[in-house]
Amino acid sequence: MTSISHVLCIEVPDERIVERICGRSTCGSCGTVYHDTFNPVPADGCACGDYQEKRRADDNESTVMNRLSTYHEQTSPLADWYDQQGLFHRVDGDRAIDDITADLLAVLN
5 MTSISHVLCI EVPDERIVER ICGRSTCGSC GTVYHDTFNP VPADGCACGD YQEKRRADDN
65 ESTVMNRLST YHEQTSPLAD WYDQQGLFHR VDGDRAIDDI TADLLAVLN
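First residue of the sequence shown: 5, per our numbering; consecutive thereafter.
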């Protein structure tokens, strides 16, 4: 059996998770990923020239909130146990990707 050396928790407020998930879409023609806020479809359309918006049916606030509720009830309590073992590391995930990556690498190295 492989032993666990680190447990990483990338913490993001629930409202931001909802915003990130519910705002995402892809072009059904070429697969380019977009986000309503962070990477919107250009005014002149997708680079492929045939933008076909696709969104996952479960990328809606109700479903995401149910998933988060399940996480907080069932998964999150494990954090205390792993923390007592000295394995648990929290990283603020509500920042720039480069900053998050640097913190994750610092924990792992």
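No residue lacks a Cβ here, since even glycine has one placed at the ideal position from N, Cα and C.
- DSSP places D96 in the strand class (E or B) of the three-state scheme.
- Judged by beta-carbon spacing, I21 lies beyond the 8 Å limit of V95, meaning their Cβ atoms are not closer than that value.
- In this structure, D98 and V16 form a Cβ contact; the two beta carbons are roughly 5 Å apart against a cut-off of 8 Å.
- Within the same chain, L12 and V95 come within 7 Å of L108 by CB-CB distance, once the 5 residues on both sides are set aside.
- The C-alpha of T79 is placed about 16 Å away from the C-alpha of L91.
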